[in-house]
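In what follows, a single structure is set out as structure tokens and then discussed.
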Amino acid sequence: MLTVMVGNHARDVTAERTAEVIAGFTIVNDPSARGPVIRRDRPVPLEKSSLLVKRHVCAR
29 MLTVMVGNHA RDVTAERTAE VIAGFTIVND PSARGPVIRR DRPVPLEKSS
79 LLVKRHVCAR
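So the sequence shown is residues 29 to 88, counted in the working numbering.
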């Protein structure tokens, strides 16, 4: 899921000002979004790989 990171103050932002308050974008895995993904053409459920999951820090 693509997630928008909002900067300091973002109350009652107009459509024209949305770009001003966006601090960045990131990808988030939300396990509450749905149940486990099971594909019939694969023998095992899809899972995260430790090779793909790294710790990232957003410095501004």
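C-beta: ideal position from N, C-alpha, C; glycine also. Please read all numbers here as calculations on a predicted model, not as lab measurements.
Rounded to whole angstroms, what is the Cα-Cα separation between residue i and residue j?
i: I50; j: V56; result: 16 Å
i: M103; j: D58; result: The chain is shown only over 29 to 88; residue 103 falls outside these bounds and no answer can be derived.
i: T46; j: D69; result: 42 Å
i: N36; j: T42; result: 15 Å
Leaving out five residues on either side along the sequence, give the residues of the same chain with a beta carbon under 8 Å from the beta carbon of residue i.
i: M33; result: I50, A51, G52, F53, T54, C86
In the DSSP output, which residue or residues are listed as bridge partners for residue i?
i: G35; result: DSSP output for G35 lists no bridge partner at all.
i: T54; result: T31
Excluding the five sequence neighbours on either side, which residues of its own chain have a C-beta within less than 6 Å of the C-beta of residue i, listed in chain order?
i: T31; result: T54, V56
Kindly indicate the opening and closing residues of the alpha helix (DSSP H) around residue i.
i: T46; result: 46-49
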